[in-house]
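By this note's numbering, the letter at position 145 of the sequence shown is numbered 551, and the numbering carries on one by one without gaps.
In what follows, a structure is listed as structure tokens, so that the remarks can point back to it.
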Amino acid sequence: MTIAFIGHGYVGLVTAAVFADFGNTVWVVGRTKEKIEILKQGKATFYEPGLSDLVKRNVDVGRLLFTLDYKEAVVPSEIIFICVGTPPKPSGEADLTNVFAAAEKIGKNLVGYKVVVTKSTVPPGTNKKVGEILAKVKPPGASFAIASCPEFLREGTAIHDTLHPDRVVIGTTSDRARDMLIDLHKPINTNLVLCNVETAELIKYASNSLLSTKISFANAIAVLSERVGADAEKVLEGVGLDSRLGRSFLYPGVGYGGSCFPKDVKALIALSKGHGYDFRLLEAVDEVNHSMRDHFVEKILRHFEGNIHGKRVAILGLSFKPDTDDMREAPSITIIEKLLNHGADIIVFDPVAMENAKKVLPSSVIYAKDPYSACQDVDVVAVITEWNEFRNLDLVRLAKGLKQRVLFDGRNIYDPEFVKKLGYMYYGVGRM
Ligand SMILES: NC(=O)c1ccc[n+]([C@@H]2O[C@H](COP(=O)([O-])OP(=O)(O)OC[C@H]3O[C@@H](n4cnc5c(N)ncnc54)[C@H](O)[C@@H]3O)[C@@H](O)[C@H]2O)c1
């Protein structure tokens, strides 16, 4: 099959490369000349484990093609996926400008019959509007069906998730479009959820919001654990062993970030408001999430009796989660800004996100070449992202460079007893 993807971000490029690897001819449309030139050479434009090899392999055999020209991609393709960004507006609603702009350009280039699928996360009603745009601008004689196939991949494991998703959701009322999409997804052996467009659109928001709810619940339990002298990790282990509940996403920390959870929770709150429903549960989820950054900084402040002016703080981990260079809504940003506001000096290290971090962090931040040099002559070490590299740090070697052995573990990756035996003062989240 020949198919097209509009947008080559985490969703567009990964999905395009995987479908090309299945043997399809895949066109990818971008809007930045420099990036398209890099992609044409078979190089990925962001860090995602395994992606460079996958892109290169499929570019080399001519199955993965990149262009700035919608016509070049749309005309030969049977199915066109919209994978553009849907960032939040100040109101929390999803900004659909990119989706509608893409729809208009696809529509103008329609010939014959095409299935136009939205993969971007969009609120119910969006695909219907995409259909209206296509109908308005399409040339006479062209026909189309719309469908919604929301994407559930996670950055850091995006290729694995695309190859082995828990489910593929196909939302459409067109039998022909549904059958074509089922056919395309045949190499992926998983559960199919067949539904109408609005249901598919809402499945994505409901999934991300429930995952966010689990994280905020774990964080609320962690705050309470600190107050009552419980160990949140043990509490959540005990909770998670209940097969009705499970342990996944019940891990306390400094809160969720990234380009999806924060914006999708806010978008579902805004969507609900627009339909006369006050989704207070999600308002609390969002509020708990933000409060965890404050909670973390307050603990550092408390350790220094409220004054961290001139203290040197090493921050280990900047990306919003491990195995990505994505800094969007990363908790590290807020935590660093707050510490700087209190007069601390900040030295940071991240295995892959430092270039992206430089674009968003204040200019006074100092970048170190490895975790050990980041922790040289510092008063506090704070782990913000649970990179495996940090789990295996040589804490004895690290201690030698420290002014004081104080470790704030924002992701509970260390064994408190072990760390304390090495002479550190240890602060986890929800543990003593
Ligand atoms: N990142 C994730 O983990 C993830 C997972 C599931 C779903 N999603 C959703 O998928 C969508 C895309 O997310 P992403 O992380 O890939 O975004 P991204 O910001 O990484 O990439 C978006 C891409 O769209 C391109 N683009 C925007 N407007 C365009 C236009 N008019 N024509 C051509 N290209 C255009 C941009 O240049 C960029 O390449 C969002 O709605 C997001 O919520 C993201």
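For glycine and all other residues, C-beta sits at the position ideal for the given N, C-alpha and C.
Exposure of residue i, with buried meaning 16 or more beta-carbon neighbours within 10 Å
i	result
S615	buried
D785	buried
G669	The question names Gly, but residue 669 in the sequence shown is Lys. It counts as buried.
N695	buried
T492	buried
H701	buried
M760	buried
Y683	exposed
S665	buried
E704	exposed
K542	exposed
R699	buried
P768	exposed
D783	exposed
D776	exposed
V521	buried
D427	buried
L651	exposed
Y519	exposed
H414	buried
D692	buried
G680	exposed
S497	exposed
V838	Val is not the amino acid found at residue 838; the sequence shown has Met there. Exposed.
L687	exposed
N430	buried
N762	buried
Simplified DSSP state of residue i, which is helix, strand or coil
i	result
Y657	coil
N597	strand
G537	helix
D729	coil
L799	coil
L460	helix
A410	strand
T438	coil
V481	coil
I819	coil
I721	strand
L445	helix
V467	coil
L804	helix
Start-to-end residues for the alpha helix (DSSP H) that takes in residue i
i	result
I706	R686 to H709
V420	Y416 to D427
F824	P822 to K827
A450	Here A450 belongs to no alpha helix (DSSP H), and DSSP marks it neither H nor E.
Cut-off 7 Å between Cβ atoms - residues of its own chain near residue i, not counting five sequence neighbours on either side
i	result
V420	E454, L457, L559, A564, I565 and T568
W793	G723, P728 and P757
N602	G577 and T579
L799	P777
M586	E484, I485 and V521
Limits of the beta strand (DSSP E) - the one that residue i falls within
i	result
Y832	M831 to Y833
I576	R573 to G577
L587	L587 -> not in any beta strand (DSSP E); alpha helix (DSSP H) instead, spanning D581 to L590.
L471	L470 to T473
Neighbourhood of residue i by C-beta, 8 Å cutoff - its chain only, sequence neighbours within 5 removed
i	result
V574	C555, H591, I594, T596, N597, L598 and V599
I772	D751, I752, I753 and V754
Y832	L813, D815, Y820, P822, V825 and K826
G716	G749, A750 and D751
F570	Per the sequence presented here, residue 570 reads as His, with Phe not at that position. I594 and T596.
E795	P757 and P777
Y830	L801, A805, R811, V812 and L813
Residues near residue i in its chain [Cβ-Cβ closer than 6 Å; skip 5 each side]
i	result
I442	G436, F472 and L474
R653	G646
E604	P530
Y611	D670 and L674
A479	A410, W433, V435 and T473
L617	F655
**Prompt:** At what residue ranges does the stretch 595-675 contain a whole run of the beta strand (DSSP E), taking only runs of 3 or more?
**Reply:** Annotation: the stretch 595-675 contains the following complete segments of the beta strand (DSSP E) (minimum length 3 residues), in chain order: 597-601.
**Request:** Please go through the stretch 491-568 and give each complete alpha helix (DSSP H) segment of 4 or more residues, from N-terminal end onward.
**Result:** Counting whole runs of 4 or more residues, the stretch 491-568 contains the alpha helix (DSSP H) stretches 503-514 and 532-543.
**Prompt:** What are the uninterrupted segments assigned as beta strand (DSSP E) that are 3 or more residues long and contained completely in the stretch 733-798, given in chain order?
**Reply:** List check, beta strand (DSSP E) in window: 751-755 and 786-789.
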